[in-house]
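Structure record follows, encoded as structure tokens.
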Amino acid sequence: MLCERCGKNEAVTRIQHLHSDGSLEEVYLCESCANLEEENKIQAFNELALSFLSMLDGNKVVAGETSGKKQLVCDSCGLDFDTFRKTNRAGCSDCYDAFYEQILQAAKQVQGGHAKHVGKVPAAFVAESEREERIFALREQIQKMIELENFEEAARLRDEIRSLEGKAGEEE
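Going left to right, the sequence shown walks through residues 82 to 253 as my numbering numbers them.
Written out as structure tokens, the structure is:
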């Protein structure tokens, strides 16, 4: 197969482009065209990085392109929240941190105002889930007791956690 860019050399590399509309495009390139493509990406990334660094406020909000509203942008890959929402695809793993509050709001809307799953759960998992929630709450209480220097209560809570964890081990 010939290179799709120059049409002269044998294609040795397949490059996939994910467009903002969610479509995926595959391009087959020869080695020299692939190197040129990589150089262009590096240059575009450097320009993007410089534009982020030039922002004075340093937060993740930039002016919207067409509307006067501001929108969130991932610092790592430059993906804006509107594109993330439209495509349901993150540009990188850091997008989940950058858009955390918006993702949490969407999850609450889908789950009827709850931040965690509230649908049906197999009966076998209910007890385990309740135990895990109790352990989590106890660990938070331990941290508060340590901050208040109430070490005896923290030790009692620690023992209760060990007891709950022991029960989980016995059932397995």
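Positions of the beta carbon are idealized from the N, C-alpha and C atoms, including for glycine.
A115 counts as buried, since at least 16 other C-beta atoms from the protein chains shown sit within 10 angstroms of its C-beta.
Residue state for R95 is assigned as strand, using DSSP reduced to three classes. Just measuring C-alpha positions, the residue of I227, S244, F232 sitting nearest I216 is S244. Straight-line spacing of the CA atoms in F180 and I123 works out to 25 Å.
Going by DSSP, F180 is part of no alpha helix (DSSP H) at all; its letter is neither H nor E. By the Cβ test, the region 86-96 is not in contact with the region 162-171, since fewer than three Cβ pairs between them sit closer than 8 Å. By alpha-carbon distance to E107, the top candidate from E120, R86, A235 is R86. Take M82, set aside five residues on each side of it, and the residues of its chain with a beta-carbon closer than 8 Å to its own are E91, A92, Y109, in chain order. Within the same chain, no Cβ atom closer than 6 Å to the Cβ of L117 is found once the five residues on either side in sequence are excluded.
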